[in-house]
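Chemist: Below: one structure in structure tokens.
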Amino acid sequence: IAELDELIDEILLMSRLDARASADRSQQVDIVALVAEECTRYDGCNTSGSAPEIPGDLRLLHRMVRNLLDNAVKHGAPPVTVHLSSTPADIILTISDGGKGIPDALRDKVFQPFYRAPDKQNVKGYGLGLPLVRQIAEAHGGTATIVPTGEAVSAVRVILPLN
2 IAELDELIDE ILLMSRLDAR ASADRSQQVD IVALVAEECT RYDGCNTSGS APEIPGDLRL
62 LHRMVRNLLD NAVKHGAPPV TVHLSSTPAD IILTISDGGK GIPDALRDKV FQPFYRAPDK
122 QNVKGYGLGL PLVRQIAEAH GGTATIVPTG EAVSAVRVIL PLN
């Protein structure tokens, strides 16, 4: 019952995000504190860097970071690291792990709802984590991508605007 409840919750959230063009960005969110709080849920999760507060929906941003960390733990390998940085226009959130990464051919597919890589069929989940991450980032005016292999073997980068 708990698994069905979780699946329904994720499908409903995706539907709500599809139905509206953008997230409520009226709240200033301390992204550094949010990331630190989410990292405490996972053994061996490390954070580095800094970033200013951003306008956003606190609940959705928590969900986005949690999904990224869940994904790194389930599909990657330790250590899991979250690095924050900023430019004058954006904050950059990069979640990396010690796993083998996502093959180039699957880098767009992992953001499609219900997609599961051929070698990940037996891993718990529904294939909604990264699609929700991308939807939440886009609802905030940002992007979510797999980091190019030349920069990191296994990492996802989210860029969110400061305004």
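Following the numbering used here, the numbering of the sequence shown begins with 2 at its first residue and continues without gaps. Backbone N, C-alpha and C fix where the C-beta goes; we use that ideal spot for every residue, glycine too.
1. Suppose you measure from the CA of Thr144 to the CA of Ala3; what does that come to, to the nearest Å?
2. Please report the straight-line C-alpha distance between Leu59 and Val134, rounded to a whole angstrom.
3. Expressed to the nearest angstrom, what Euclidean distance is found between the alpha-carbon atoms of Gly142 and Arg42?
4. Skipping 5 residues on each side, what residues in its chain have a beta carbon closer than 7 angstroms to that of Gly45?
5. If distances are taken between C-alpha atoms only, which option among Pro162, Leu5, Ala52 comes closest to His84?
6. Taking the alpha carbon of Ser155 as the point to measure from, which residue in Asn68, Arg108, Val30 has its own alpha carbon closest?
7. Assuming the contact rule is C-beta atoms closer than 8 angstroms, Leu62 and Val30 should be a hit. Round their C-beta distance to whole Å, please.
8. My guess is that Ile96 and Leu70 are in contact by the Cβ rule of under 8 angstroms, so how many angstroms apart are they, rounded?
9. Residue range of the alpha helix (DSSP H) that Pro53 falls in?
10. Taking only the alpha-carbon atoms, compute the straight-line gap between Ser87 and Pro56 and give it to the nearest angstrom.
11. Check Leu161 in the structure and name its three-state DSSP category.
12. Here's a check: name, in chain order, each residue in its chain whose Cβ is nearer than 8 angstroms to the Cβ of Pro114, leaving out the five neighbours to either side.
Modeler: This is what the structure holds:
1. Rounded to the nearest angstrom, the two C-alpha atoms are 31 angstroms apart.
2. 14 angstroms
3. 27 angstroms
4. Pro79, Pro80, Val81
5. Ala52
6. Arg108
7. Yes, they are in contact, since the Cβ atoms of Leu62 and Val30 sit about 6 angstroms apart, within 8 angstroms.
8. Contact flag correct, Cβ pair sits at about 7 angstroms.
9. That residue, Pro53, is in no alpha helix (DSSP H); it is neither H nor E in DSSP.
10. 14 angstroms
11. strand
12. Met15, Gly128, Leu129, Pro132
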